[in-house]
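Peer 1: Structure incoming, see below.
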Amino acid sequence: MEDALLIHRLHFGFTAAYHYLFPQLTMGLALLLVIFKGIGFWRKDEFYNSAARFWAKIFALNFAVGVVTGIPLEFQFGTNWARFSTFAGGVIGQTLAMEGMFAFFLESTFLGLFIFGERKLGRTGHLVTALLVFLGSWLSAYFIVATNAWMQHPLAWAMAPDGSVKLQDYWGLLLNPWITWQFLHTMCGAVTTGSFVMASVGAYYLLSHKHIEQGKLFARTGILAGLAASLLVAFPTGDGQGKNVALYQPATLAAMEGLFRTQEGAPLAIIGQPDMEKLRLDNPIHIPRLLSFLTYYRWNAEVKGLDAVPRENWPDNVPLLYYSYHIMVGLGTIFIATLAAGAFLLWRRKLYGSRPFLWVLMLAFPFPFIANTAGWMTAELGRQPWLVYGLLRTSSGTSATVSAGNSLFTLLGFLGLYFVIGVLFLLLVLKKINEGPAPNGAVPQGKEA
Amino acid sequence: MEILWFCIVAFMIAVYAILDGFDLGSGIVHLFTARSDAERRTIVNAIGPVWDGNEVWLIAAGGTLYFAFPFVYASSFSGFYLPLMIVLWLFILRALGIEFRHQVHHPLWKAFWDASFSTSSLLLSFFLGAALGNVLRGAPLRSDGYFFEPLWTHFSTEGETGVLDWFTILMGLVSLFTLAAHGAHYIALKTEGVLRHRAHRTARRSWWGVVASSAGAVVAVSIIRPNLLSNFGLAPWGLLFPAAALAGLGGMRVFSERGNDRNAFLSSSLFIGAMLASTAFGLFPRLLPATTDPARSLTAYNAISGSYGLAVGIVWWSIAAVLATGYFLFLFRSFRGKVSLPAEEEGY
């Protein structure tokens, strides 16, 4: 049974983490596309429209892979996590069904129109479809974050006689205090990814002396949007999210920070390795009292350590949680520094000629994907050993009739299929980037389908 | 409340079958009628802007089932684990076929993704029918309501059943022929000249398959699961559904012969909708009958979610359904008329 639990967790964890590589770019680019379309509309400038048209091609490809890798997640609630669905379907069925009914219809319909209908819809119509695609993709994220928020901080439920939970307060579910910061934090993370990818393509064009004007636009838009987003990721959204964790999941906070011992004036660990035998951080580098201050705005506040929580309620993989969290925070800090340097160069009018910095920018694009993934790993590992925090243990949520072997078989199937998809996706995106934006003013025929 | 949500779920599945049905069917037509690259591109372009939206009906129907009858979702999805994973992989390969084929202009690349698109469309059309067959035949629910069904055993509908047996294969064929005809009607509606001519031929040939397999399926149900027909005796007004299906079946033939593509397409839509409505009417209130003990069957009454949540759900579901209908009308209006093949760079 232990095997089956681990494999079901890996099954969902892998397919979800892989899936989220695509929507984060979708949601980030959706905003940037609206910005390009908006500026093009406002200034009647075809240059921005052709930039939007170029990114729309990458957006469409990315969206398609996001859709096909997203469908297995909805299925897995039933196939691999049947007992969880039986337990919690009466509550999270709301948000999952609403996502399909409100967000997916909106986004899929208007994406078709956005990609194929530029000529038919006219200037205003095309701008409106871009806005609706953006709205649909962010709405979808809201419903998913609301679902996750309920698993992190369940409320608005009542226990039914059969032991499952049922919804008791609709607005309580949709306005869960956990949602606000988590949603904004996630969205700012997505915009960071979209911005880095855009800036990276711009840097590539500038370094290879082609599509120079578009390259400059991409680099500067990516840097400015990315700087704004990565600052917002840290404050107030990341800070707010951290305070929610401290308030509602003290054991999680302690594990994330590697704080084994409850103490007043708790230090912040910058580096260090959790040692699960000696229950301490090996070779730590600490900043004294900072954790107390960041959590409670008081230098001497007491922060609960893992020792305040019974061992069976500790997150079951403390080191992985600790590393995920530290990678997320570390990368986030590096993003702010890098993009601030880019903004400074832009202000001094030195950006487009600074080859070393353009190299950094070009090669930086994988890191926001890593940071976003590490962030979700922090959220999901931090919730352990609970599937629904305090209500349902992860070990009680799997499908009892699906054996470890069957689950391993399909996990390997997904690994293989997704590997192939990943290779092909990269190939096609690189091809599109190499083809580059159409020359200024070349309006495509649109599609008569 | 139970009856309402049963009807809503059945309605959404029917809308899904009609909408995604024609693009799955177009994939089958693609396999059998398109000869040149231009013809293949025409077919893919005919469904290009709409297939993704059509498929959302499946996600939304699944979400609504999860919302209204969570235990049915949990039990059936874990019980039909292996076939569902195969269906997922086919959906992925099919979507990649549509989205990837036009990205590289090399004949082998296109041939590969064409094959991926059309074979997975064909297999999905079959498996979706077989899935319905599994629901009609029932599943071996244990006393706790869960089960695990192997892919096949000895192809009998009794004893230790498998996902594929003679009955579910027959249901798969009903679905395959029906969607082939439905897709051919859609392609005829959207194209001109030789492709339209060949689509008519495919539609006419598939029609005989529809007639034969559906008649076989009706007879088979009356033999192996006669209790699925008892609702029609209790409430004879339900016979309207099979009558409408017969009308649709006749219309498919008549309008296709006359070259009235729009009415032929509406007739096959009516046929699909009415067949599924008849099925739902026969099943009610069962959502997943048990082969082990009828008392274990999952029904709209014993698997329903909480009443507060469902009451709230009616409000937002109605709003969302009106919005979605609006989007679809706008989308299909925007892309109405025959497909004209765009330059290689822009279309599929």
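Protein chains in written order, with the working numbering: chain A, -1 to 447; chain B, 144 to 491. By construction, the Cβ of each residue, glycine as well, lies at the ideal position given by its N, Cα and C atoms. Note that the structure is predicted; figures quoted are calculated from it, not measured.
1. Using CA atoms only, rank isn't needed, just tell me which of A:L344, A:A58, A:M254 is closest to I479 (chain A).
2. In the structure shown, what three-state DSSP assignment does L294 (chain B) receive?
3. Alpha carbon to alpha carbon, what distance is there between M375 (chain A) and G256 (chain A)?
4. Do the region 344 to 360 of chain A and the region 199 to 207 of chain A touch if we need at least three Cβ pairs shorter than 8 Å?
5. Could you work out which residues of chain B lie near Q106 (chain A), taking near to mean beta carbons separated by less than 7 Å?
6. So, does the region 365 to 383 of chain A touch the region 321 to 331 of chain A, judging by three or more C-beta pairs under 8 Å?
7. What are the boundary residues of the alpha helix (DSSP H) that P366 (chain A) is part of?
8. Along the beta strand (DSSP E) that carries E236 (chain B), what are the first and last residues, could you check?
9. Could you give the DSSP three-state label for W136 (chain A): helix, strand or coil?
10. Rounded to the nearest angstrom, how far is the Cβ of L430 (chain B) from that of V230 (chain B), given a contact under 8 Å?
11. Hey, how far is the Cα of I457 (chain B) from the Cα of F355 (chain A)?
12. Can you give me the start and stop residues for the alpha helix (DSSP H) that Q271 (chain A) sits inside?
13. From T13 (chain A) to H284 (chain A), what does the alpha carbon distance come to, in whole angstroms?
14. What residues match up with A433 (chain B) in a beta bridge as DSSP calls it?
15. What's the gap between the Cα of Y294 (chain A) and the Cα of T260 (chain A)?
16. Out of curiosity, what's the CA-to-CA distance linking V441 (chain A) and V397 (chain B)?
17. For the region 306 to 326 of chain B, list every residue whose C-beta sits within 7 Å of some C-beta in chain D, in sequence order.
18. Which chain A residues sit within Cβ distance under 7 Å of L271 (chain B)?
19. Does the Cβ of V327 (chain A) lie closer than 8 Å to at least one heavy atom of the ligand SAM?
20. Could you work out which residue in A:S48, A:D280, A:R347, A:M96 is closest to S138 (chain A) when comparing CA atoms only?
21. Under 7 Å Cβ to Cβ from F149 (chain B), same chain only, skipping five residues before and after it: list those, please.
22. Classify H209 (chain A) as buried or exposed, calling it buried when 16 or more other Cβ atoms lie within 10 Å of its own Cβ.
23. If we define contact as Cβ-Cβ less than 9 Å, is R218 (chain A) a contact residue for chain B?
24. Cα separation between P437 (chain A) and I33 (chain A)?
25. Considering M144 (chain B), what are the terminal residues of the beta strand (DSSP E) in which it resides?
26. Which word fits T219 (chain A), buried or exposed, when buried means at least 16 other C-beta atoms lie within 10 angstroms of its C-beta?
27. Which word fits R405 (chain B), buried or exposed, when buried means at least 16 other C-beta atoms lie within 10 angstroms of its C-beta?
28. Strictly below 8 Å CB to CB, what residues from chain A border T207 (chain B)?
29. Assign L277 (chain B) to buried or exposed, taking buried as 16 or more other Cβ atoms, counted over all protein chains shown, within 10 Å of its Cβ.
30. Using 9 Å as the threshold, is the C-beta distance between S448 (chain B) and P213 (chain B) below it?
31. Sort A:S393, A:G340, A:S322 by Cα distance to A369 (chain A) and report the nearest one.
32. What span of residues does the beta strand (DSSP E) with P317 (chain A) cover, start to end?
33. Is there contact between the region 157 to 170 of chain A and the region 258 to 278 of chain A, where contact requires at least three CB pairs shorter than 8 Å?
Peer 2: Result, derived from the coordinates:
1. One cannot answer for residue 479 (chain A) here, as it falls past the ends of chain A, which runs -1 to 447.
2. Residue mapping note: residue 294 (chain B) aligns to position 151 of the second sequence, counting from 1. Note: L294 (chain B) maps to coil in three-state DSSP.
3. Walking along the first sequence from the start, residue 256 (chain A) turns up at place 258. Walking along the first sequence from the start, residue 375 (chain A) turns up at place 377. Annotation: G256 (chain A) to M375 (chain A) spans about 16 Å, alpha carbon to alpha carbon.
4. Judged by Cβ distances under 8 Å, the region 344 to 360 of chain A makes contact with the region 199 to 207 of chain A, as three or more pairs qualify.
5. Locating residue 106 (chain A) in the first sequence gives position 108, counting from the first residue. The question names Gln, but residue 106 (chain A) is Ser in the sequence shown. Below the 7 Å Cβ cutoff, chain B contributes D195, G196, V199 as neighbours of S106 (chain A), in chain order.
6. Yes, since at least three Cβ pairs between the region 365 to 383 of chain A and the region 321 to 331 of chain A fall closer than 8 Å, the two stretches touch.
7. The residue given as residue 366 (chain A) occupies position 368 in the first sequence. Where P366 (chain A) is concerned, the enclosing alpha helix (DSSP H) stretches over 364 to 381.
8. Counting from one through the second sequence, the residue named residue 236 (chain B) turns up at place 93. Note on identity: in this sequence residue 236 (chain B) is Leu, with Glu being the wrong assignment. No beta strand (DSSP E) holds L236 (chain B); the alpha helix (DSSP H) holding it covers 224 to 243.
9. The residue given as residue 136 (chain A) occupies position 138 in the first sequence. Look at W136 (chain A) here: in three-state DSSP terms it is helix.
10. Numbered from 1 along the second sequence, position 287 holds the residue referred to as residue 430 (chain B). Numbered from 1 along the second sequence, position 87 holds the residue referred to as residue 230 (chain B). The pair is not a contact, with the Cβ atoms about 19 Å apart (cut-off 8 Å).
11. Start at 1 with the first residue of the second sequence, and residue 457 (chain B) comes out as number 314. Start at 1 with the first residue of the first sequence, and residue 355 (chain A) comes out as number 357. Answer to the nearest angstrom: the Cα atoms are 55 Å apart.
12. Translated into the one-based positions of the first sequence, residue 271 (chain A) becomes position 273. Boundaries around Q271 (chain A) are those of the beta strand (DSSP E), 266 to 273, since no alpha helix (DSSP H) includes it.
13. Position 15 of the first sequence, counted from the start, is the residue given in the question as residue 13 (chain A). Position 286 of the first sequence, counted from the start, is the residue given in the question as residue 284 (chain A). Taken atom to atom, the span from the alpha-carbon of T13 (chain A) to that of H284 (chain A) is near 36 Å.
14. Counted from its first residue, the second sequence places residue 433 (chain B) at position 290. According to DSSP, A433 (chain B) bridges with B:A282.
15. In the first sequence, the residue the question calls residue 294 (chain A) occupies position 296. In the first sequence, the residue the question calls residue 260 (chain A) occupies position 262. Approximately 14 Å, taken between the alpha carbons.
16. Residue numbering aside, residue 441 (chain A) sits at position 443 when the first sequence is read from its first letter. Residue numbering aside, residue 397 (chain B) sits at position 254 when the second sequence is read from its first letter. Low confidence applies here, because V441 (chain A) scores a pLDDT of 49, under 50, leaving its location unreliable; read the following figure in that light. For V441 (chain A) and V397 (chain B), the gap between their C-alpha atoms comes out near 44 Å.
17. Note that chain D does not occur in the displayed structure, where the protein chains are A and B.
18. Stepping through the second sequence from its first residue, residue 271 (chain B) is reached at position 128. The contacting residues do not exist; L271 (chain B) stays about 14 Å from chain A at best.
19. The model depicted lacks the ligand SAM and carries no ligand whatsoever.
20. The residue given as residue 138 (chain A) occupies position 140 in the first sequence. The shortest C-alpha separation from S138 (chain A) is found at A:M96.
21. Locating residue 149 (chain B) in the second sequence gives position 6, counting from the first residue. Taken in chain order, the residues that qualify are F427, P428, A443.
22. As a position in the first sequence, residue 209 (chain A) is number 211, starting the count at 1. Per the 10 Å Cβ criterion, buried.
23. For the purposes of this step, residue 218 (chain A) is taken as residue 220 along the first sequence, with counting starting at 1. No, because no Cβ of chain B sits closer than 9 Å to the Cβ of R218 (chain A).
24. Along the first sequence, read from residue 1 onward, the residue named residue 437 (chain A) stands at position 439. Along the first sequence, read from residue 1 onward, the residue named residue 33 (chain A) stands at position 35. Their Cα atoms are separated by approximately 20 Å.
25. As a position in the second sequence, residue 144 (chain B) is number 1, starting the count at 1. M144 (chain B) -> no beta strand (DSSP E), and no H or E assigned at all.
26. The residue you call residue 219 (chain A) lines up with position 221 of the first sequence. Buried, since its Cβ has 16 or more Cβ neighbours within 10 Å.
27. For the purposes of this step, residue 405 (chain B) is identified with residue 262 of the second sequence, where counting begins at 1. So R405 (chain B) counts as exposed.
28. For this step, residue 207 (chain B) is matched to residue 64 along the second sequence. In chain order: A95, G98, M99.
29. Locating residue 277 (chain B) in the second sequence gives position 134, counting from the first residue. In the sequence under discussion, the amino acid at residue 277 (chain B) is Asn, which differs from the Leu named in the question. Counting Cβ neighbours within 10 Å, N277 (chain B) comes out buried, since at least 16 surround it.
30. Working through the second sequence from its first residue, we reach residue 448 (chain B) at position 305. Working through the second sequence from its first residue, we reach residue 213 (chain B) at position 70. Yes, these two residues count as a Cβ contact at 9 Å.
31. For the purposes of this step, residue 369 (chain A) is identified with residue 371 of the first sequence, where counting begins at 1. Residue nearest to A369 (chain A) within the set A:S393, A:G340, A:S322 is A:S322 (criterion: CA-CA distance).
32. In the first sequence, the residue the question calls residue 317 (chain A) occupies position 319. DSSP places P317 (chain A) in no beta strand (DSSP E) but in the uninterrupted alpha helix (DSSP H) bounded by 316 to 345.
33. Flag = no, the region 157 to 170 of chain A and the region 258 to 278 of chain A do not touch.
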